[in-house]
Amino acid sequence: MVASRTAFLWMALAAESLRGQSFSQRGFLELRGAFYPQTAPGDSGRAVGEALLRWEPSLQLSPSWKLNAAFDARTDTHRQVERIWRADFQDRRRQRPAFSLRRASALWHKGPLTVEAGKQFIRWGKADILNPTDRFAPRDYLSVTDSDFLAVTGARITVEHGAETLDLVVTPRLTPSRAPLLNQRWVLIPETLRALGVEDAGSRFPGRAQYGVRWNRNANGYEYSFVFYDGFHHLPLIEGELGARVRLRRYHPRLRLYGGDAAVPTRLATLKGEAAWFTSSDRTADEYVLYVIQAERTWKEWVFAGGYAGEAVTSRRNPVAFAADRGFARAFVARAAYTIDPRRSFAVEAAVRQNGEGTWTRAEYSHQLSGHLRATASFTLIRGEPNDFLGQYRRNSHGMIALRYNF
Numbered sequence: 008m009v010a011s012r013t014a015f016l017w018m019a020l021a022a023e024s025l026r027g028q029s030f031s032q033r034g035f036l037e038l039r040g041a042f043y044p045q046t047a048p049g050d051s052g053r054a055v056g057e058a059l060l061r062w063e064p065s066l067q068l069s070p071s072w073k074l075n076a077a078f079d080a081r082t083d084t085h086r087q088v089e090r091i092w093r094a095d096f097q098d099r100r101r102q103r104p105a106f107s108l109r110r111a112s113a114l115w116h117k118g119p120l121t122v123e124a125g126k127q128f129i130r131w132g133k134a135d136i137l138n139p140t141d142r143f144a145p146r147d148y149l150s151v152t153d154s155d156f157l158a159v160t161g162a163r164i165t166v167e168h169g170a171e172t173l174d175l176v177v178t179p180r181l182t183p184s185r186a187p188l189l190n191q192r193w194v195l196i197p198e199t200l201r202a203l204g205v206e207d208a209g210s211r212f213p214g215r216a217q218y219g220v221r222w223n224r225n226a227n228g229y230e231y232s233f234v235f236y237d238g239f240h241h242l243p244l245i246e247g248e249l250g251a252r253v254r255l256r257r258y259h260p261r262l263r264l265y266g267g268d269a270a271v272p273t274r275l276a277t278l279k280g281e282a283a284w285f286t287s288s289d290r291t292a293d294e295y296v297l298y299v300i301q302a303e304r305t306w307k308e309w310v311f312a313g314g315y316a317g318e319a320v321t322s323r324r325n326p327v328a329f330a331a332d333r334g335f336a337r338a339f340v341a342r343a344a345y346t347i348d349p350r351r352s353f354a355v356e357a358a359v360r361q362n363g364e365g366t367w368t369r370a371e372y373s374h375q376l377s378g379h380l381r382a383t384a385s386f387t388l389i390r391g392e393p394n395d396f397l398g399q400y401r402r403n404s405h406g407m408i409a410l411r412y413n414f
């Protein structure tokens with residue numbers, strides 16, 4: 008009902024824009040196919056087709072006021088998208104909704120003060136491959152290595168003073184990351200549990216709000232910031248109940264985070280670092296430090312980035328978790344992108360475990376076929392040992408082809 012009322016409001020505002028308001032819009036229709044050379048335990052599918060229609064209108068009411076929205080309609084062939092024809096606003100369901108309000112926010116700006124309230128995207132951190140301080144940025148991990156960000160609902164106040172910026176965020180409800188579905192290839196269930204039968208018992212969500220503060224300084228060519236977050240992990244832990252079948256339920260433990268990041272340009276490259284200490288009053292949640300050190304350089308049409316993502320566990324309490332961010336830690340990471348010409352580009356990125364037990368590599372080629380049409384082809388290669396986060400997905404190497412029409 009909330010999404011339906013919001014859609015009606017936006018249509019009314021679009022009509023009002025014809026009488027003098029500044030209305031703009033953009034969007035795209037994307038068709039995508041993923042092809043897996045191998046089957047996986049519990050998932051014999053080798054081809055997945057997806058279709059996504061996205062419309063992003065915005066309305067400038069005055070020099071200070073602006074409304075932003077985004078609507079998604081999607082379907083697929085592999086049941087990652089719901090077959091229920093209803094609109095979704097909260098992004099708390101196991102599957103992707105067929106219709107969703109991706110963004111809906113009102114923004115007010117006056118002098119050094121900016122306030123945005125509603126469903127919005129909030130990104131913190133400076134590293135390119137892993138962002139430990141990015142706590143208001145849950146993701147859709149139904150396909151673990153091809154994740155997309157989800158918006159959060161709340162209020163954000165930004166105050167700028169010279170080279171300093173203060174960011175204050177509050178979200179009254181947790182927006183969780185969407186974990187892989189139990190009956191598909193991105194979840195590896197031990198054979199002993201699979202023989203008993205496994206049932207998804209849903210999620211147990213916390214009821215308290217999340218708060219975050221970020222202070223940033225940008226001066227004399229360098230930039231650094233400090234972050235504090237008090238709320239919950241958007242990535243879930245797993246608890247089980249043994250009965251006629253094994254019932255697995257997701258829950259989100261308390262999280263208090265202290266972190267920071269920095270970027271320092273030098274003659275040869277820009278050096279970036281980011282780190283965060285994850286603490287919890289919940290005795291079932293690990294406490295640990297995640298950090299990233301990287302160098303980035305632009306040379307002609309090339310952009311190179313490489314470094315190391317590390318982890319130090321200070322208190323190990325729970326071995327059963329879906330921790331995609333920690334899954335890419337303790338690894339050397341790199342990315343190279345080449346702009347062939349204004350219409351074509353090529354990129355390669357990789358993560359290699361420091362112990363050699365897991366590797367992930369993706370190569371992507373993109374071609375602007377016309378003013379509105381772009382084609383993209385990629386291949387992801389995953390190798391490693393079964394006990395490694397990356398290596399466990401070694402049967403999920405895949406190719407992907409996407410065709411996007413922008414309007």
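Take 8 as the starting number for the sequence shown in the numbering used here and just add one per residue.
Using N, Cα and C, we set each Cβ at its ideal position, and we do this for glycine too.
{"query": "Start-to-end residues for the beta strand (DSSP E) that takes in residue 175", "result": "171–178"}
{"query": "Start-to-end residues for the beta strand (DSSP E) that takes in residue 38", "result": "29–42"}
{"query": "Cα-Cα separation between residue 170 and residue 222, rounded to whole angstroms", "result": "11 Å"}
{"query": "Reference residue 275; option with closest CA among 262, 310 and 247", "result": "310"}
{"query": "DSSP beta-bridge partners of residue 355", "result": "343 and 370"}
{"query": "Distance between beta carbons of residue 323 and residue 286, contact taken as under 8 Å", "result": "About 13 Å separates the two Cβ atoms, so there is no contact after all."}
{"query": "Contact between the region 212–232 and the region 184–194 (3+ Cβ pairs under 8 Å)", "result": "no"}
{"query": "Endpoints, the beta strand (DSSP E) within which residue 401 is located", "result": "Unbroken run through residue 401: none, as it is neither H nor E."}
{"query": "Other residues of its chain near residue 394: CB distance less than 8 Å, five sequence neighbours each side excluded", "result": "364"}
{"query": "Exposure label - residue 152; buried when at least 16 CB within 10 Å", "result": "buried"}
{"query": "Proximity to residue 28 [Cα-Cα], best of 73, 48, 52 and 62", "result": "73"}
{"query": "Outcome for residue 25 when other beta-carbon atoms lying within 10 angstroms are tallied against a minimum of 16", "result": "For residue 25, the pLDDT reaches just 49, beneath the cut-off of 50, and the residue's location in the model is therefore unreliable, although a value from the coordinates is still provided. Answer is exposed; the Cβ neighbour count stays below 16."}
{"query": "Where residue 185 sits in the DSSP three-state scheme", "result": "strand"}
{"query": "Inter-stretch contact at 8 Å, needing at least 3 Cβ pairs: the region 239–258 / the region 186–202", "result": "yes"}
{"query": "C-alpha gap between residue 42 and residue 94, whole angstroms", "result": "29 Å"}
{"query": "Beta-ladder partner(s) of residue 207, from DSSP", "result": "255"}
{"query": "Cα-Cα separation between residue 255 and residue 121, rounded to whole angstroms", "result": "42 Å"}
{"query": "Assigned secondary structure, residue 25 (DSSP; H/G/I helix, E/B strand, else coil)", "result": "Residue confidence for residue 25 is low, a pLDDT of 49 falling below 50, so the modelled location carries little weight; the figure read from the coordinates is stated next. In the structure shown, residue 25 sits in coil (DSSP, three-state: anything other than H, G, I, E or B)."}
{"query": "Alpha carbon of residue 455 to alpha carbon of residue 48, nearest angstrom", "result": "Outside the displayed range of the chain (8 to 414) lies residue 455, so it cannot be described from this structure."}
{"query": "Residue range of the unbroken beta strand (DSSP E) whose run includes residue 237", "result": "229–239"}
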